[in-house]
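Each remark here refers to the structure printed beneath this line.
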Amino acid sequence: MSDWDGRTAPDAAEMEVMARSALDGLPPEFREAAAQVALQVAEFAPDDVLDELQIDDPFELTGLYDGIPLTEKSISDQPGGPDIIWLFRRAILDEWATRGDVTLGDLVVHIVTHEMAHHFGWSDEDISTIDRWWE
Numbered sequence: 116m117s118d119w120d121g122r123t124a125p126d127a128a129e130m131e132v133m134a135r136s137a138l139d140g141l142p143p144e145f146r147e148a149a150a151q152v153a154l155q156v157a158e159f160a161p162d163d164v165l166d167e168l169q170i171d172d173p174f175e176l177t178g179l180y181d182g183i184p185l186t187e188k189s190i191s192d193q194p195g196g197p198d199i200i201w202l203f204r205r206a207i208l209d210e211w212a213t214r215g216d217v218t219l220g221d222l223v224v225h226i227v228t229h230e231m232a233h234h235f236g237w238s239d240e241d242i243s244t245i246d247r248w249w250e
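Counting from 1 along the sequence shown, just add 115 to a position and that's the residue number in the numbering used here.
Quick look at the structure:
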């Protein structure tokens with residue numbers, strides 16, 4: 116049994132470090148484009164986002180890609196801001212504690228990978244390839 120005395124849940128900054136590590140560890144062909152996506156960590160998704168996605172429980176949403184996938188971008192697009200991957204800290208911590216079968220770092224990598232999949236327009240096969248990269 117590990118000694119848990121003095122340990123606390125990671126704060127938003129520490130979770131962002133985990134997420135950036137996930138992006139830095141992507142296969143080389145994806146790193147440059149991934150670097151163009153901003154990362155943000157919030158405690159929970161905002162109510163308007165939950166309403167738009169028809170999610171009643173904020174613990175059900177661990178991450179979200181907010182942007183236009185590369186496969187859908189056009190030179191005529193007028194971006195309203197950068198593409199962003201949102202991580203929702205409390206929901207991630209809750210999933211981690213509930214599952215009990217994965218490290219927190221691995222869970223964050225998994226969430227970032229799946230949100231990045233939306234940015235790249237990856238297929239399910241592409242996602243599986245990236246997931247295997249981390250094994």
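Yeah, the Cβ is synthetic: ideal placement off N, Cα and C, and Gly gets one too.
As the structure is a prediction and not an experimental result, all values here were calculated from the model.
Contact between the region 215-227 and the region 167-175 is absent: fewer than three C-beta pairs spanning the two stretches fall below 8 Å. Counting along the chain, Trp201 sits inside the beta strand (DSSP E) bounded by residues 199-203. By alpha-carbon distance to Leu154, the top candidate from Trp237, Arg122, Asp139 is Asp139. If you check the CB distance, Leu202 and Val156 come in under 8 Å. Here Ala157 is bridged, per DSSP, to Phe203. Under a 10 Å Cβ-count criterion, Glu187 is classified as exposed, with fewer than 16 other Cβ atoms of the shown protein chains found around its own Cβ. The beta carbons of Phe145 and Arg205 sit no closer together than 8 Å. Leu138: member of the alpha helix (DSSP H) spanning 127-139, first to last residue.
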